[in-house]
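Numbered by my numbering, the letters in the sequence shown go through residues 12 to 316 in order.
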Amino acid sequence: MQSLLPVKVKNYLNNKDILKEIHRSKTTYCTYLDPAYADYDMILLGVDKINKKNIMQARKNRAERLTKLAFEEANAGETVKANKKKLEDFEVKLKEVAAEDVVFRIMTWEHVPAAAPKVKKGAVVIEEPEEEVVLTEYDDPDVVKAPTKYTKCNFPPFFHYKVAEDGTPYIVGKSHWRGDIITGEFSKDHGAMTKKLAHMFMKLCERYATRSNWRGYTYNDEMRSQALLQLSQIGLQFDESKSQNPFAYYTAAITNSFTRVLNIEKRSQNLRDDILEMNGLTPSYTRQGQGGGSYGGGGGYDGDE
């Protein structure tokens with residue numbers, strides 16, 4: 012009789028794991044009164060949106076999140092399905108979650124300093140007194156006032172709020188902040204992306220580069236490198252308040268990077284083939300197969316080797 016050995020479970024990239032690593036990476040750029048306040052239960056666009064309806068929904072979200080968290084911790088490392096415990100055994104009732112326990116993430120630029128005006132190199136800056144804007148009866152003050160340009164951040168800034176017993180919201184955390192919440196300062200360089208998220212980006216680029224419409228190019232390595240560079244720059248810009256599908260967000264970024272490199276390389280190849288033909292030399296196999304003229308095609312083998 013054969014012995015039953017534990018089966019090694021393959022861990023495929025999924026939105027759940029990617030969202031978890033994005034959250035951990037953003038947390039390194041934040042300051043909280045307590046580390047437990049880093050986990051939020053609901054995302055809102057303003058403090059005025061914290062009302063009874065949203066507090067009730069946040070309590071439901073928190074109860075569901077705590078239930079799943081306890082379930083996953085109990086079954087961590089368990090490979091035999093028969094030994095796994097059921098989700099119902101760890102259910103957290105709604106009445107067990109108080110309104111004072113929920114944490115709201117409020118998207119705001121309130122604590123981000125205004126960006127310095129861009130000055131062209133060699134330009135002479137002349138400081139002139141600001142002229143007072145004269146409004147007529149047909150002008151709207153809110154429309155006439157120019158929007159403030161803030162310092163560019165590596166991800167959308169936010170505050171974390173909790174609700175006191177009297178219903179008053181108060182701040183328990185700030186993004187892009189270093190030091191104490193009150194006496195600290197704005198900072199966008201003191202955090203770092205987690206190693207696991209960086210490894211996920213590498214796997215995404217490697218797997219995408221093996222697709223049939225990309226793997227035949229001789230400059231496939233350059234495509235993959237450019238895509239990885241792009242992900243490292245925009246990886247944390249994913250906004251959880253707008254979507255819960257970072258896999259699609261990153262895949263679109265990788266596709267754009269690959270296409271950008273393809274267009275640049277094809278443009279260079281067309282220029283080289285034109286020069287070869289002008290001098291009576293044999294161009295690339297791609298140009299020969301087209302019978303002359305500039306190339307405007309898509310994927311596949313470039314036929315240049």
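All C-beta atoms in this analysis are idealised placements derived from N, C-alpha and C, irrespective of residue type, glycine included. Quick caveat, the model's predicted, so the values are computed rather than measured.
Inset, instruction - Might you give, ordered along the chain, the residues of its own chain that have their beta carbon closer than 7 Å to the beta carbon of methionine 211, omitting 5 neighbours on each side? - result: Leu24, Ile29, Glu32
Legend entry - Near the ligand GTP: glutamate 217 beta-carbon under 7 Å from a heavy atom: As for the ligand GTP, it is missing from this structure, which has no ligand bound.
Inset, instruction - Please look up how many angstroms separate the CB atoms of threonine 39 and alanine 203, rounded, as I've assumed it's under 8 Å. - result: With 8 Å as the limit, threonine 39 and alanine 203 qualify as a contact, their Cβ atoms being about 6 Å apart.
Legend entry - Residue range of the beta strand (DSSP E) that includes phenylalanine 115: 115-118
Legend entry - 6 Å Cβ shell around lysine 207 - same chain, five flanking residues per side excluded: Glu32
Inset, instruction - Give me the Cα-Cα distance between serine 36 and glycine 246, rounded to the nearest whole angstrom. - result: 10 Å
Legend entry - Beta bridge counterpart(s) of tyrosine 172 as assigned by DSSP: Phe115, Ile182
Inset, instruction - Decide yes or no for the touch test of the segment 256-269 against the segment 211-231: beta carbon pairs closer than 8 Å, at least 3 of them. - result: yes
Inset, instruction - State whether the segment 277-297 contacts the segment 232-248, with contact taken as three or more CB pairs (one from each stretch) at a distance under 8 Å. - result: no
Legend entry - Cutoff 8 Å; reference glutamine 255; Cβ partners in own chain excluding five residues on either side: For glutamine 255, where only same-chain residues beyond five positions count, the Cβ hits under 8 Å are Asn26, Leu30.
Legend entry - CB contact flag (serine 186, cysteine 41, <8 Å): yes
Inset, instruction - Specify, as a first and last residue, the run of the beta strand (DSSP E) that leucine 55 falls within. - result: 53-55
Legend entry - Span of the alpha helix (DSSP H) around cysteine 41: Annotation: cysteine 41 is outside any alpha helix (DSSP H); the continuous beta strand (DSSP E) that includes it extends over 41-43.
Legend entry - Contacts around lysine 163, its chain only, beta-carbon distance under 8 Å, and the 5 residues preceding and following it disregarded: So the qualifying residues of the chain are Ala126.
Inset, instruction - Just tell me which of Asp59, Val114, Glu176, Lys129 has its CA closest to the CA of arginine 76. - result: Val114
Legend entry - Beta-carbon contacts of arginine 73 that lie in its chain and below 7 Å, excluding the five residues immediately before and after: Within the same chain, Cβ atoms closer than 7 Å to the Cβ of arginine 73 are found at Asp52, Val108, Asp112, Val113, the five residues on either side in sequence being excluded.
Inset, instruction - Identify which residue in Ala110, Gln237, Gln241, Leu240 has its Cα closest to the Cα of tyrosine 172. - result: Ala110
Legend entry - aspartate 200 versus alanine 263: straight-line alpha-carbon distance, rounded: Their backbone Cα atoms lie some 26 Å apart in a straight line.
Inset, instruction - Assign glutamate 121 to one of three DSSP states: helix, strand, or coil. - result: coil
Legend entry - Through-space distance from serine 223 to phenylalanine 258, alpha-carbon basis: 20 Å
Legend entry - Under the three-state DSSP convention, the category phenylalanine 197 falls into: strand
Legend entry - As assigned by DSSP and simplified to three states, the class of tyrosine 230: coil
Inset, instruction - Could you pull the start and end residues of the alpha helix (DSSP H) that valine 272 belongs to? - result: 257-289
Legend entry - Cα-Cα separation, glycine 57 to threonine 194: 23 Å
Legend entry - Rounded separation between proline 124 and tyrosine 228 - CA only: 45 Å
Legend entry - When Met289, Arg298, Ile265 are compared against asparagine 281, the one with the closest alpha-carbon: Arg298
Inset, instruction - Please classify asparagine 22: is it buried, with 16 or more other beta-carbons within 10 angstroms of its beta-carbon, or exposed? - result: exposed
Legend entry - Among Trp120, Ile182, Leu98, the one whose alpha carbon lies nearest that of glutamate 49: The residue asked about is misnamed: residue 49 is alanine in this sequence, not glutamate. Of the candidates Trp120, Ile182, Leu98, the one whose C-alpha sits nearest the C-alpha of alanine 49 is Ile182.
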